[in-house]
Amino acid sequence: MARALLTAADVKGAWAIVPTPSKEGASDWRATDTVNVDEAARMVNGLIEAGVDGILSMGTLGEAATMTLDEKLVFMKTIVDAAAGRVPVFVGTTCINTRDTIALTRQAVDIGATGTMLGVPMWCAPSVDTAVQFYKDVAEAVPDINIAIYANPEAFKFDFPRTFWGQVAEIPQVVTAKYIGVGTLLPDLAAIKGRIKLLPIDFDYYGAARMDDSIDAFWTSGAVCHPLVSTTLRDLVVQARASGDWSKAKAFMGRLAPTAAPLFPNGSFKEFSTYNIPLEKARMTAGGWMNAGPCRPPYHLCPETYLEGARTSGRMWAELGKALEAER
Numbered sequence: 001m002a003r004a005l006l007t008a009a010d011v012k013g014a015w016a017i018v019p020t021p022s023k024e025g026a027s028d029w030r031a032t033d034t035v036n037v038d039e040a041a042r043m044v045n046g047l048i049e050a051g052v053d054g055i056l057s058m059g060t061l062g063e064a065a066t067m068t069l070d071e072k073l074v075f076m077k078t079i080v081d082a083a084a085g086r087v088p089v090f091v092g093t094t095c096i097n098t099r100d101t102i103a104l105t106r107q108a109v110d111i112g113a114t115g116t117m118l119g120v121p122m123w124c125a126p127s128v129d130t131a132v133q134f135y136k137d138v139a140e141a142v143p144d145i146n147i148a149i150y151a152n153p154e155a156f157k158f159d160f161p162r163t164f165w166g167q168v169a170e171i172p173q174v175v176t177a178k179y180i181g182v183g184t185l186l187p188d189l190a191a192i193k194g195r196i197k198l199l200p201i202d203f204d205y206y207g208a209a210r211m212d213d214s215i216d217a218f219w220t221s222g223a224v225c226h227p228l229v230s231t232t233l234r235d236l237v238v239q240a241r242a243s244g245d246w247s248k249a250k251a252f253m254g255r256l257a258p259t260a261a262p263l264f265p266n267g268s269f270k271e272f273s274t275y276n277i278p279l280e281k282a283r284m285t286a287g288g289w290m291n292a293g294p295c296r297p298p299y300h301l302c303p304e305t306y307l308e309g310a311r312t313s314g315r316m317w318a319e320l321g322k323a324l325e326a327e328r
């Protein structure tokens, strides 16, 4: 029996982007079986108990490009079992080609994942036709999987233009997208005609929500530094929409926004993207809520000054979370 698919309207609230916690020694290329399954299960259970609305995993900071197939399957099963159907769980299944992507996506369905967070294969920069056909092929081959498009221009050498969004919005399984930036948000919303829920990053959520009422969900890697920060942002925007008074949500963004600056070396997203994995994992571990573990090769090298900025960002986020706890 085919599984019921989500719709864009089903995607709401705070969606946590999670790392794949690793064991000590995972930065050594000789390491095998690097997934810290206990920490992974604890992370997912803790996020759900804290009130997040969904889990997105195995993207860039989730180290999908550096895990073995066996490790990917172990991690998928661990987090799906830990969630136990309480919230949707999307797992990354992007591979270097369409056939391997389809095979892994089918395995994700068998494990019980709600959906896939799917970027285009990384080798040649794709044309719009190539990118659209890739999503069509995966959707046709795996009709009972929900698809979240992983729209990261730096990772995938693709700008995700409006013409792309207009075409993938015609694919029923494409229900949401991990979205970066707000500069083209309104034209992209016009192109998708309400068929895809675009998820801005937590730092952009307040501004995006003010721009369009359809923006009622966001992605947050900061949730694993302290989940209360992410759920507070969600709840304040809900309250603002209900009352028409955005002052509390705006004031909260004044507290949250400064935590972003140390994460981006020299204020550059491009520079951040070069060291995305070690920076995010350093930030997460420094937050003290979880242990993301060391990075898998080859993306385990990073300038120490950059890492310290990321740690500062994680500590700032965690301090904001502790302040929110005290204010309750």
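Counting from 1, position 323 in the sequence shown corresponds to residue 323 in full-length UniProt numbering; the numbering is continuous, with no gaps.
We put the beta carbon where it would ideally sit given N, CA and C, even for glycine.
According to DSSP, what are the bridge partners of G92? If you number the sequence shown from 1, residue 92 lands on position 92. DSSP, once it has assigned bridges, lists M117 as partnering G92.
Considering Cα atoms alone, identify which of T184, G183, I147 and A155 is closest to E170. The sequence position of residue 170 within the sequence shown is 170, counting from 1. From the listed residues T184, G183, I147 and A155, the smallest Cα separation to E170 is found for I147.
Helix, strand or coil for W165, going by three-state DSSP, please let me know. Here residue 165 refers to the residue found at position 165 of the sequence shown. The answer is helix: DSSP assigns W165 an H, G or I state.
Can you look up T220 in the DSSP assignment and give me helix, strand or coil? By one-based count along the sequence shown, residue 220 stands at place 220. For T220, the secondary structure class from DSSP, reduced to helix, strand or coil, is strand.
Taking Cβ to Cβ, would you say T66 is nearer than 8 Å to A40? As a position in the sequence shown, residue 66 is number 66, starting the count at 1. As a position in the sequence shown, residue 40 is number 40, starting the count at 1. Against a cut-off of 8 Å, the Cβ pair of A40 and T66 comes out as no contact.
T114 to D159 span [Cα, whole Å]: Residue 114 sits at position 114 when you count from the first residue of the sequence shown. Residue 159 sits at position 159 when you count from the first residue of the sequence shown. Here the alpha carbon of T114 sits roughly 27 Å from the alpha carbon of D159.
For K72 and A64, what's the separation of their Cα atoms in angstroms? Here residue 72 corresponds to residue number 72 of the sequence shown, with the count starting at 1. Here residue 64 corresponds to residue number 64 of the sequence shown, with the count starting at 1. Distance from the CA atom of K72 to the CA atom of A64, rounded to whole angstroms, is 7 Å.
How far does the beta strand (DSSP E) with G46 in it extend, from its first residue to its last? Within the sequence shown, residue 46 is the residue found at index 46, counting from 1. Boundaries for G46: no beta strand (DSSP E) harbours it, while the alpha helix (DSSP H) harbouring it runs V37 to A50, taken from the DSSP string.
What runs of the beta strand (DSSP E), each 3 residues or longer, lie entirely inside the segment 216–280? As far as the segment 216–280 is concerned, its whole beta strand (DSSP E) runs of at least 3 residues are 217–220.
Using DSSP bridges, identify the partner residues of I192. Start at 1 with the first residue of the sequence shown, and residue 192 comes out as number 192. I192 pairs with nothing; no bridge assigned.
Would you call the segment 118–126 in contact with the segment 137–155, where contact means no fewer than 3 C-beta pairs closer than 8 Å? Proximity of the segment 118–126 to the segment 137–155 meets the contact definition, three or more beta-carbon pairs being nearer than 8 Å.
Once you ignore the five residues that flank G321 on each side, which residues in its own chain have a CB closer than 6 Å to its CB? Translated into the one-based positions of the sequence shown, residue 321 becomes position 321. Correct list, in chain order: H226, L228 and V229.
Determine the direct distance from the alpha carbon of A177 to that of A251, and round the result to whole angstroms. As a first step, residue 251 is located in the sequence shown; it is residue number 251 there, counting from the start. As a first step, residue 177 is located in the sequence shown; it is residue number 177 there, counting from the start. One C-alpha to the other measures close to 27 Å.
Check for me: the alpha helix (DSSP H) holding G314 runs from which residue to which? Residue mapping note: residue 314 aligns to position 314 of the sequence shown, counting from 1. Run containing G314: E304 to E327, per the alpha helix (DSSP H) assignment.
For K178, list the residues DSSP reports as bridge partners. Here residue 178 corresponds to residue number 178 of the sequence shown, with the count starting at 1. Note: K178 sits in a beta bridge opposite Y150 and L199.
G13 - DSSP class collapsed to helix/strand/coil: Taking the first residue of the sequence shown as position 1, residue 13 is located at position 13. Annotated three-state conformation of G13 is strand, per DSSP.
Which value, in whole angstroms, describes the spacing of the CA atoms of L279 and E327? Along the sequence shown, read from residue 1 onward, the residue named residue 279 stands at position 279. Along the sequence shown, read from residue 1 onward, the residue named residue 327 stands at position 327. Cα to Cα, L279 sits roughly 30 Å from E327.
Quick check on DSSP: helix, strand or coil for V18? In the sequence shown, the residue the question calls residue 18 occupies position 18. DSSP places V18 in strand when its eight states are reduced to three.
For the candidate residues D129, Y206, S214 and M211, whose alpha-carbon lies nearest to that of T232? Numbered from its first residue, the sequence shown carries residue 232 at position 232. Ranking D129, Y206, S214 and M211 by Cα distance to T232 puts Y206 first.
Between C95 and T101, what straight-line distance do the alpha-carbon atoms span, to the nearest angstrom? Looking up residue 95 in the sequence shown gives position 95. Looking up residue 101 in the sequence shown gives position 101. Roughly 5 Å separates the two Cα atoms.
Just list the residues that DSSP pairs G54 with in beta bridges. Stepping through the sequence shown from its first residue, residue 54 is reached at position 54. Beta-bridge pairing links G54 to W15.
Roughly how far, in whole angstroms, is the beta-carbon of L199 from the beta-carbon of W219, given that I think they are within contact range, below 8 Å? Residue 199 sits at position 199 when you count from the first residue of the sequence shown. Residue 219 sits at position 219 when you count from the first residue of the sequence shown. Confirmed, Cβ separation roughly 5 Å.
Report yes if the CB atom of T7 is closer than 8 Å to the CB atom of K23, and no otherwise. Locating residue 7 in the sequence shown gives position 7, where the first residue counts as 1. Locating residue 23 in the sequence shown gives position 23, where the first residue counts as 1. Going by beta carbons, T7 and K23 fall outside the 8 Å limit.
Quick one, are the C-beta atoms of S313 and T259 less than 8 Å apart? Taking the first residue of the sequence shown as position 1, residue 313 is located at position 313. Taking the first residue of the sequence shown as position 1, residue 259 is located at position 259. Against a cut-off of 8 Å, the Cβ pair of T259 and S313 comes out as a contact.
Given A4, which residues of its chain have a CB within under 8 Å of its CB, disregarding the five upstream and five downstream residues? Translated into the one-based positions of the sequence shown, residue 4 becomes position 4. Its chain contains no residue whose beta carbon lies nearer than 8 Å to that of A4 once the 5 sequence neighbours on both sides are disregarded.
Under 8 Å by Cβ, that's how I've got M290 and M58 pegged, so tell me the actual separation to the nearest angstrom. Sequence index remark: in the sequence shown, residue 290 carries index 290 (1-based). Sequence index remark: in the sequence shown, residue 58 carries index 58 (1-based). The beta-carbon separation of M290 and M58, rounded to 16 Å, does not stay under the 8 Å limit for a contact.
Any idea if P294 is buried or exposed, counting beta-carbon neighbours within 10 angstroms, 16 or more meaning buried? In the sequence shown, counting from the first residue as 1, residue 294 sits at position 294. With at least 16 other beta carbons inside 10 angstroms of its own, P294 counts as buried.
Assuming L209 contacts V182 (C-beta within less than 8 Å), just tell me the rounded distance between them. Mapped onto the sequence shown, residue 209 falls at position 209. Mapped onto the sequence shown, residue 182 falls at position 182. The question names Leu, but residue 209 in the sequence shown is Ala. 10 Å between Cβ atoms; not a contact.
Beta-carbon contacts of A139 that lie in its chain and below 6 Å, excluding the five residues immediately before and after: For the purposes of this step, residue 139 is taken as the residue at position 139 of the sequence shown. Here the set comprises I171 and Q173.
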